[in-house]
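Notes follow the structure.
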Amino acid sequence: MAVGLTPSQHLAAVISSAFYSLWNLLSGFLIPKTYIPGWWIWFYYICPIAWTLRGIITSQLGDVETKIMGPGFEGTVKEYLAASLGFESEINGFSAVGLSVIVLLGFIILFFGSFAVSVKVLNFQKR
48 MAVGLTPSQH
58 LAAVISSAFY
68 SLWNLLSGFL
78 IPKTYIPGWW
88 IWFYYICPIA
98 WTLRGIITSQ
108 LGDVETKIMG
118 PGFEGTVKEY
128 LAASLGFESE
138 INGFSAVGLS
148 VIVLLGFIIL
158 FFGSFAVSVK
168 VLNFQKR
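Going by the working numbering, the sequence shown opens with residue 48, and the numbers climb by one from there.
Quick look at the structure:
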(Lines of atoms letter the chains of each structure in order from A and count residues from 1; the text may use other names and numbers.)
(Lines give C-alpha, C1' and ligand atoms only; values in the text may rest on other atoms or scores of the structure.)
Protein backbone atom coordinates (compact mmCIF):
# COMPACT_ATOMS: atom_id res chain seq x y z
CA MET A 1 0.00 0.00 0.00
CA ALA A 2 2.79 2.44 0.89
CA VAL A 3 4.46 1.80 -2.47
CA GLY A 4 1.36 3.00 -4.29
CA LEU A 5 1.02 6.13 -2.13
CA THR A 6 4.63 7.36 -2.32
CA PRO A 7 6.82 8.42 -5.24
CA SER A 8 9.75 6.11 -4.41
CA GLN A 9 10.47 2.75 -2.86
CA HIS A 10 12.82 4.36 -0.35
CA LEU A 11 10.13 6.64 1.06
CA ALA A 12 7.69 3.72 1.12
CA ALA A 13 10.21 1.68 3.12
CA VAL A 14 10.63 4.48 5.68
CA ILE A 15 6.88 4.95 6.10
CA SER A 16 6.25 1.19 6.26
CA SER A 17 8.95 0.64 8.88
CA ALA A 18 7.44 3.37 11.06
CA PHE A 19 4.02 1.73 10.87
CA TYR A 20 5.44 -1.76 11.46
CA SER A 21 7.31 -0.54 14.54
CA LEU A 22 4.23 1.08 16.05
CA TRP A 23 2.01 -1.87 15.13
CA ASN A 24 4.41 -4.34 16.76
CA LEU A 25 4.82 -2.20 19.87
CA LEU A 26 1.11 -1.58 20.41
CA SER A 27 -0.29 -4.90 19.15
CA GLY A 28 -0.73 -6.31 22.64
CA PHE A 29 2.24 -8.67 22.41
CA LEU A 30 5.04 -6.52 23.84
CA ILE A 31 2.70 -4.31 25.88
CA PRO A 32 -0.59 -6.01 26.85
CA LYS A 33 -3.81 -4.13 26.09
CA THR A 34 -4.43 -3.59 29.80
CA TYR A 35 -1.13 -1.66 30.12
CA ILE A 36 -1.38 0.52 27.01
CA PRO A 37 -1.94 4.15 28.09
CA GLY A 38 -5.39 5.58 27.47
CA TRP A 39 -4.21 8.08 24.87
CA TRP A 40 -2.67 5.24 22.77
CA ILE A 41 -5.47 2.66 23.05
CA TRP A 42 -7.06 3.93 19.81
CA PHE A 43 -3.96 2.76 17.94
CA TYR A 44 -4.40 -0.71 19.42
CA TYR A 45 -7.87 -0.96 17.88
CA ILE A 46 -6.70 0.08 14.38
CA CYS A 47 -3.74 -2.33 14.45
CA PRO A 48 -4.12 -5.42 12.20
CA ILE A 49 -1.53 -7.34 14.24
CA ALA A 50 -3.57 -6.81 17.42
CA TRP A 51 -6.68 -8.27 15.80
CA THR A 52 -4.64 -11.21 14.49
CA LEU A 53 -3.22 -11.93 17.95
CA ARG A 54 -6.65 -11.58 19.56
CA GLY A 55 -8.16 -14.02 17.07
CA ILE A 56 -5.39 -16.60 17.41
CA ILE A 57 -5.16 -16.47 21.21
CA THR A 58 -8.92 -16.52 21.82
CA SER A 59 -9.48 -19.32 19.31
CA GLN A 60 -6.81 -21.52 20.86
CA LEU A 61 -7.01 -20.62 24.56
CA GLY A 62 -10.26 -18.67 25.03
CA ASP A 63 -12.33 -21.63 26.19
CA VAL A 64 -9.70 -23.51 28.25
CA GLU A 65 -10.95 -24.06 31.81
CA THR A 66 -7.71 -25.59 33.14
CA LYS A 67 -6.69 -24.19 36.53
CA ILE A 68 -3.37 -22.36 36.60
CA MET A 69 -1.39 -20.81 39.44
CA GLY A 70 1.32 -18.24 39.03
CA PRO A 71 2.76 -15.18 40.69
CA GLY A 72 -0.20 -12.95 41.49
CA PHE A 73 -2.84 -15.07 39.76
CA GLU A 74 -4.85 -18.18 40.49
CA GLY A 75 -7.72 -19.22 38.23
CA THR A 76 -8.48 -20.65 34.81
CA VAL A 77 -6.71 -19.90 31.53
CA LYS A 78 -9.86 -18.14 30.30
CA GLU A 79 -9.88 -15.89 33.39
CA TYR A 80 -6.16 -15.17 32.98
CA LEU A 81 -6.63 -14.04 29.38
CA ALA A 82 -9.40 -11.69 30.45
CA ALA A 83 -7.51 -10.31 33.46
CA SER A 84 -4.01 -9.89 32.05
CA LEU A 85 -4.44 -9.42 28.30
CA GLY A 86 -8.00 -8.11 28.14
CA PHE A 87 -9.09 -10.93 25.79
CA GLU A 88 -12.70 -11.97 26.36
CA SER A 89 -14.31 -14.91 24.57
CA GLU A 90 -17.22 -12.66 23.59
CA ILE A 91 -17.29 -8.96 22.81
CA ASN A 92 -20.77 -7.41 23.25
CA GLY A 93 -22.40 -10.76 22.50
CA PHE A 94 -20.28 -11.51 19.42
CA SER A 95 -17.64 -14.21 19.24
CA ALA A 96 -14.18 -12.64 19.58
CA VAL A 97 -12.84 -14.93 16.86
CA GLY A 98 -15.64 -14.06 14.45
CA LEU A 99 -15.23 -10.35 15.14
CA SER A 100 -11.48 -10.65 14.55
CA VAL A 101 -12.08 -12.34 11.19
CA ILE A 102 -14.53 -9.61 10.13
CA VAL A 103 -12.15 -6.82 11.16
CA LEU A 104 -9.20 -8.48 9.39
CA LEU A 105 -11.26 -8.88 6.21
CA GLY A 106 -12.07 -5.17 6.51
CA PHE A 107 -8.34 -4.38 6.72
CA ILE A 108 -7.70 -6.47 3.60
CA ILE A 109 -10.39 -4.60 1.67
CA LEU A 110 -9.14 -1.23 2.96
CA PHE A 111 -5.49 -1.89 2.09
CA PHE A 112 -6.31 -3.39 -1.32
CA GLY A 113 -8.72 -0.58 -2.12
CA SER A 114 -6.31 2.17 -1.12
CA PHE A 115 -3.54 0.58 -3.19
CA ALA A 116 -5.80 0.17 -6.23
CA VAL A 117 -7.05 3.75 -6.02
CA SER A 118 -3.55 5.16 -5.48
CA VAL A 119 -2.15 3.28 -8.48
CA LYS A 120 -5.05 4.46 -10.64
CA VAL A 121 -5.19 8.09 -9.47
CA LEU A 122 -1.68 9.11 -8.38
CA ASN A 123 1.01 9.61 -10.98
CA PHE A 124 4.55 10.36 -9.82
CA GLN A 125 6.20 10.21 -13.25
CA LYS A 126 8.06 13.29 -14.45
CA ARG A 127 8.80 13.97 -18.10
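Note that the Cβ used here is the ideal one computed from N, Cα and C, for glycine as well.
### Task
Count the C-beta pairs between the segment 134-149 and the segment 103-120 that are closer than 8 angstroms, then say yes if the count reaches three, no if not.
Taking a contact to require three or more Cβ pairs closer than 8 angstroms, the segment 134-149 and the segment 103-120 qualify as touching.
### Message
Measuring only the C-alpha atoms, how far is Val-50 from Cys-94?
### Response
Taking the first residue of the sequence shown as 1, we reach residue 50 at position 3. Taking the first residue of the sequence shown as 1, we reach residue 94 at position 47. Cα to Cα, Val-50 sits roughly 19 angstroms from Cys-94.
### Query
Is Ser-55 helix, strand or coil when you go by DSSP?
The sequence position of residue 55 within the sequence shown is 8, counting from 1. Of the three classes helix, strand and coil, the one that applies to Ser-55 here is coil, per DSSP.
### Message
Assuming the contact rule is C-beta atoms closer than 8 angstroms, Thr-105 and Thr-113 should be a hit. Round their C-beta distance to whole Å, please.
### Response
Start at 1 with the first residue of the sequence shown, and residue 105 comes out as number 58. Start at 1 with the first residue of the sequence shown, and residue 113 comes out as number 66. Going by Cβ atoms, the distance from Thr-105 to Thr-113 rounds to 15 angstroms, so no, they are not a contact pair.
### Task
For Tyr-91, I'd like the list of residues in its chain whose CB is within less than 7 angstroms of its CB, leaving aside the five on either flank, ordered along the chain.
Reading the sequence shown from its first residue, position 44 is the one you call residue 91. Around Tyr-91: Leu-73, Gly-75, Lys-80, Ile-83 and Ala-97.
### Task
Check whether the Cβ atoms of Ser-161 and Leu-52 lie closer than 9 angstroms to each other.
The residue given as residue 161 occupies position 114 in the sequence shown. The residue given as residue 52 occupies position 5 in the sequence shown. In this structure, Leu-52 lies closer than 9 angstroms to Ser-161 by Cβ.
### Query
For the segment 64-150, which segments carrying the beta strand (DSSP E) assignment without a break, of at least 3 residues, lie completely within its bounds, in sequence order?
114-117 and 120-123
### Message
Here's the rule: buried if 16 or more other CB atoms are within 10 angstroms of the residue's CB, otherwise exposed. What is Gly-140?
### Response
The residue given as residue 140 occupies position 93 in the sequence shown. Result: exposed.
### Query
Buried or exposed: where does Leu-20 fall if 16 or more other Cβ atoms within 10 Å of its Cβ makes it buried?
Given a span of 48 to 174 for the chain in the structure shown, any question on residue 20 remains unanswerable.
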